[in-house]
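Novice: Below you'll find the structure I mean.
In mature numbering (1 follows the signal peptide of the UniProt record, and there is no 0), the protein residues as written are -28 to -1, 1 to 179.
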């Protein structure tokens, strides 16, 4: 009996210690959480490079903008050295505990100085580009009106794809379902061939 009590007390003490010192060790991982290249959950307001993964899982391209000024810039794919970091957040009116999850509506912002042009933000949105013969992702979005999603990419662990989810715009004439995004002439745009992406955390500015 004494041995049994000792074992039980030892287990309870270990559980309490583990909970206090290693709070994440006793919690199951969130199966819906988006995971970065380091195996950590992607979180709101943290900065990330969005890298385009190739067939051999190497990352040589990153999401960037046609202009570092960001004013009405299209979202493009460029070399990793020219990549621009982004932040994710939930649209107004949607709860967010800080963890970015698959299939959740998101706002995407370039982490850059706000454009000096009145009314232009660094937030991503979809816009018609006659010269591109279709829609492209650009900047100048409004919170709550420009929804994106991150979903699992088939064929790889911790590989994801980006989608745009229209609310009420010309893209909704036939369907308001989310539209996968891919590389269309080096622009991020609706595509039937989405490309796999990964999320690489950016070192803290103070470090």
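Backbone N, C-alpha and C fix where the C-beta goes; we use that ideal spot for every residue, glycine too.
Every value quoted in this text rests on a predicted model; they were computed, and no experiment measured them.
1) Count the other CB atoms within 10 Å of the CB of residue 168; is the residue buried (16 or more) or exposed (fewer)?
2) Mapping DSSP to helix, strand and coil, what is residue 54?
3) Identify every residue that forms a DSSP beta bridge with residue 201.
4) Per the DSSP calculation, residue 7 is bridged to which residue(s)?
5) Below 6 Å CB to CB, which residues in the same chain sit around residue 154 once its five sequence neighbours on both sides are set aside?
6) Can you tell which of 1, 2, 94, 7 has the C-alpha that lies nearest to the C-alpha of residue 133?
7) Near residue 61, which residues of its chain fall below 6 Å by C-beta distance, leaving aside the five closest residues on each side in sequence?
8) Put residue 162 into one of helix, strand or coil per three-state DSSP.
Specialist: This is what the structure gives:
1) buried
2) If DSSP states are grouped into helix, strand and coil, residue 54 belongs with the helices.
3) For the chain, the structure presents residues -28 to 179; residue 201 sits outside this window and is missing.
4) 13
5) 163, 165, 166, 167
6) 7
7) 16, 79
8) strand
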